[in-house]
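Chemist: Following this message is one structure expressed as structure tokens.
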Amino acid sequence: MRWERLFEDLEAVVREQERQELEAEVADRTRRERALLGLQERLTACYGTGVEVELRVAGVGVLRGPVTDVGADWVLVQEHPDHPVLVAYPAVRALVLPAARLAPTGAVARAFALGAALRAVSRDRSVVDVVDVDGHRVTGTVDAVGRDVLDLAEHPADLPRRSANVRTVLTIPFAAVAAVRRR
């Protein structure tokens, strides 16, 4: 009887050690997988879910709404039904997600960067508000987009982009862009 008890105790010790090793391995793998997930991957997990996220953006403040598109270095948040906001990743100060963890959706971020997204805005000729990381807001039309800058023809929002309506043309480095709101 004493031998049986001794062997049962040894088996229990071995099972406990195996359980602890498995828990440690799972925790280590989870940490490694999370280490590979950046801002883009977290935003991509929100894309198409309809889940409202909160972005704290330098110079802008808090934006709330569903993620409607994600790119290499930008995200599009549908703050209001007719006013999506294009946000540059460097301006994001915090992303607040719902308490429930979002599972990967299989969505993939667009491969093009902020410059390509701004070129699409330029082609569209929409009147936009460009907010920089310091909170300065300028209204106008994106005239041109360079390698790392955009040229914005500043004019009143209620007037079309015509030479007579343009106050100035600003060259804004991408690094200074926090958000671009279509009017």
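Counting in the UniProt record's numbering, the sequence shown runs from 1 upward without gaps.
C-beta atoms are modelled at their ideal positions from N, C-alpha and C, and glycine is treated no differently.
Give every residue of the same chain whose Cβ lies closer than 7 Å to the Cβ of Ala117, excluding the five residues on either side of it in the sequence, and list them in chain order.
Modeler: Excluding residues up to 5 positions away in sequence, Gly71, Trp74, Leu86 lie with their Cβ nearer than 7 Å to the Cβ of Ala117 in the same chain.
Chemist: What are the boundary residues of the alpha helix (DSSP H) that includes Arg161?
Modeler: Per DSSP, Arg161 belongs to no alpha helix (DSSP H) and is neither H nor E.
Chemist: Closest by CA to Val166, which one among Asp151, Ala176, Arg182, Ala178?
Modeler: Asp151
Chemist: Tell me which residue opens and which closes the alpha helix (DSSP H) that Ala178 is part of.
Modeler: Taken as a continuous stretch (DSSP letters only), Ala178 belongs to no alpha helix (DSSP H), being part of the beta strand (DSSP E) at 177-182.
Chemist: Please report the distance separating the alpha-carbon of Ala107 from that of Thr49.
Modeler: 10 Å
Chemist: Using CA coordinates, which residue listed in Pro81, Asp69, Leu39, Ala164 is at the minimum distance from Val96?
Modeler: Leu39
Chemist: Where in the region 120-150 do unbroken runs of the beta strand (DSSP E), each at least 3 residues long, occur, reported from the N-terminal end onward?
Modeler: 127-132, 137-145
Chemist: Which whole-angstrom value describes the C-beta separation of Glu52 and Gly65, a residue pair presumed to lie in contact below a C-beta threshold of 8 Å?
Modeler: 6 Å
Chemist: Are the Cβ atoms of Val161 and Ala153 separated by less than 8 Å?
Modeler: Inspection of the sequence shows that residue 161 is occupied by Arg rather than by Val. Closer than 8 Å, so yes.
Chemist: Is the CB-CB distance between Val145 and Gly115 below 8 Å?
Modeler: Yes, these two residues count as a Cβ contact at 8 Å.
Chemist: Quick check on Ala58: buried or exposed, where buried means 16 or more other Cβ atoms within 10 Å of its Cβ?
Modeler: buried
Chemist: Please classify Arg93: does DSSP put it in a helix, a strand, or coil?
Modeler: strand
Chemist: Going by C-alpha to C-alpha distance, which of Arg119, Thr141, Pro173, Phe112 sits closest to Asp129?
Modeler: Nearest C-alpha to Asp129 among Arg119, Thr141, Pro173, Phe112: Thr141.
Chemist: Please say whether Val149 and Ala178 have beta carbons closer to each other than 8 Å?
Modeler: no
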